[in-house]
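Here the structure is laid out as structure tokens; the discussion comes afterwards.
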Amino acid sequence: MDISLYFDPVSPEVFEFSSPTGHKCISEVIKAHKEEGSFPDLDYVKLALVGINEDRASLMNKGCARGPDYVRRYFYNLFSHWNEPAMADLGNIKRGHSVDDTYFAAKEAIA
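Here the sequence shown is numbered in this note's numbering, starting from 1441 and rising by one per residue.
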């Protein structure tokens, strides 16, 4: 099954915040799904990041759908202490027509 069909690429905005220190940041070494057609090869990946842009069923928590990209902005700026970490960012699960559609896509993508 081609799980890339369930994902939107990572927003380019999360890559705009890079560390000016000269040290390698995670944003420079992670395999990221940055644009359509560039889904990362998952062979040898040990950790995969997946965002779910969904807040339709989140009572009293409006805006939480933007959470995955906020987390990425900070995570990507952490120093990478590894040359080639076995990490990939698959992007965000596409929002379905209903909340249940989104949950189904998430379940299928990570199964």
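Think of the CB as a built atom: it goes at the ideal place given N, C-alpha and C, for glycine as much as any other residue. Values in this document were obtained by computation on a predicted structure and should not be read as measured data.
task = List the whole-angstrom C-beta distance separating residue 1547 from residue 1448, where the pair is believed to meet the contact cut-off of C-beta under 8 Å.
result = Taking the first residue of the sequence shown as position 1, residue 1547 is located at position 107. Taking the first residue of the sequence shown as position 1, residue 1448 is located at position 8. Not quite, the Cβ-Cβ distance comes to about 17 Å (not below 8 Å), so this is no contact.
query = Run through DSSP, which three-state label would residue 1445 get?
reply = In the sequence shown, residue 1445 corresponds to position 5, counting from 1. Helix, per DSSP.
Residue 1464 - DSSP class collapsed to helix/strand/coil = If you number the sequence shown from 1, residue 1464 lands on position 24. Correct three-state label for residue 1464: coil.
task = Might you give, ordered along the chain, the residues of its own chain that have their beta carbon closer than 6 Å to the beta carbon of residue 1488, omitting 5 neighbours on each side?
result = Here residue 1488 corresponds to residue number 48 of the sequence shown, with the count starting at 1. Take residue 1488, set aside five residues on each side of it, and the residues of its chain with a beta-carbon closer than 6 Å to its own are 1528 and 1530, in chain order.
ask   = Helix, strand or coil: which one does DSSP assign to residue 1481?
value = To locate residue 1481, count along the sequence shown from 1; it is residue 41. Here residue 1481 sits in coil by DSSP.
Of the residues 1471, 1540 and 1508, the one placed nearest residue 1453, counting alpha carbons only = Taking the sequence shown and counting its residues from 1, the one referred to as residue 1453 is at position 13. Per the Cα distances, 1508.
ask   = Which class does residue 1550 belong to by DSSP, given the choice of helix, strand or coil?
value = On the sequence shown, position 110 is the one that residue 1550 refers to. Of the three classes helix, strand and coil, the one that applies to residue 1550 here is helix, per DSSP.
message = With three or more beta-carbon pairs closer than 8 Å as the criterion, would you say the segment 1466–1484 touches the segment 1514–1523?
response = yes
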